[in-house]
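Worksheet: one structure, shown below.
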Amino acid sequence: MPVDIEEIEIIGHKKISTGIIGLDYQLGGGFPEGSIIIIQGSAVSGIEKIAEQFWKADVETTGGDDSWYLISDSSPSVGMTPVDTGEMGDALSEMPGKRYVVDSLSSVIRKEGVDAAISLIINSGGMITQDGGAILFLLYDGVHRPEDEIAVIRYADVYIHLIDERHGNEIERKMEIGKIKNANVPSRLFPYNITEEGIDLSTTARVV
């Protein structure tokens with residue numbers, strides 16, 4: 001029986017790899033170039049893994065090394081850059097590159113306020129994306145007021161929500177692509193697994 005393919009058209013934009021093969025397929029090659037990306041999920045949703053896969057994708061796909069992972073939430077792994085939340089904007093302006101991860105936007109909201117987080121997205125994010133770069137912000141579930149979440153998500157070009165649901169003794173994980181620049185939003189959720197290597201996305205839908 002033929003597999004139904006859901007096709008969501010992205011118009012006139014180059015793509016950059018997400019670092020996840022299944023998600024690249026789903027998005028027709030990756031995130032639109034020059035995007036502000038917000039990934040939301042719980043601490044056990046694999047949210048850090050998707051961020052690391054995005055961060056490392058440039059090295060793995062092109063051999064380049066112009067990616068930055070700025071972390072304020074915990075001890076940095078090798079190659080990550082620890083940055084205080086109040087200095088995040090200055091740090092981003094001094095780091096030439098094409099892809100950035102901010103771990104996390106939640107820390108900026110909690111410590112500096114939602115207005116500071118919006119300013120970081122607009123000013124630093126705008127500076128990066130106007131040159132064709134992409135910046136990915138992590139936003140954690142269950143931390144903020146709904147109105148603060150809405151306030152920052154509205155500035156995203158791409159918004160993805162990682163959902164983990166418990167059914168008896170099993171956890172079902174799904175990815176919701178809620179917003180994507182210059183494209184129709186997929187009408188379904190995409191199941192995924194967390195493996196030692198990272199997020200593994202299995203889909204029968206594709207953005208073209």
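Residues in the sequence shown are numbered consecutively from 1, following UniProt numbering. Using N, Cα and C, we set each Cβ at its ideal position, and we do this for glycine too.
query, result
"Sheet register partners of Ala-134 (DSSP bridge)", "Arg-99"
"Contacts around Ile-199, its chain only, beta-carbon distance under 6 angstroms, and the 5 residues preceding and following it disregarded", "Ile-20, Gly-46, Lys-49, Ile-50, Tyr-192"
"Continuous alpha helix (DSSP H) assignments of at least 4 residues falling wholly in the stretch 5-92", "21-26, 47-62"
"Three-state secondary structure assigned by DSSP to Arg-154", "coil"
"Per DSSP, cross-strand counterpart(s) of Leu-162", "Met-175"
"Presumed contact (8 angstroms Cβ cut-off) between Ile-135 and Ile-16, rounded CB distance", "Incorrect: roughly 11 angstroms between the Cβ atoms, too far for contact."
"Given 8 angstroms, three or more beta-carbon pairs between the stretch 25-39 and the stretch 155-166", "yes"
"Rounded distance between the beta-carbons of Lys-111 and Thr-85, thought under 8 angstroms", "5 angstroms"
"Which of helix, strand or coil DSSP assigns to Pro-186", "coil"
"Close-in-space but distant-in-sequence residues of the same chain around Ser-124 (CB under 8 angstroms, 5 per side omitted)", "Met-88, Gly-89, Leu-92, Ser-93, Ile-135"
"Backbone secondary structure at Glu-197 - three-state DSSP", "coil"
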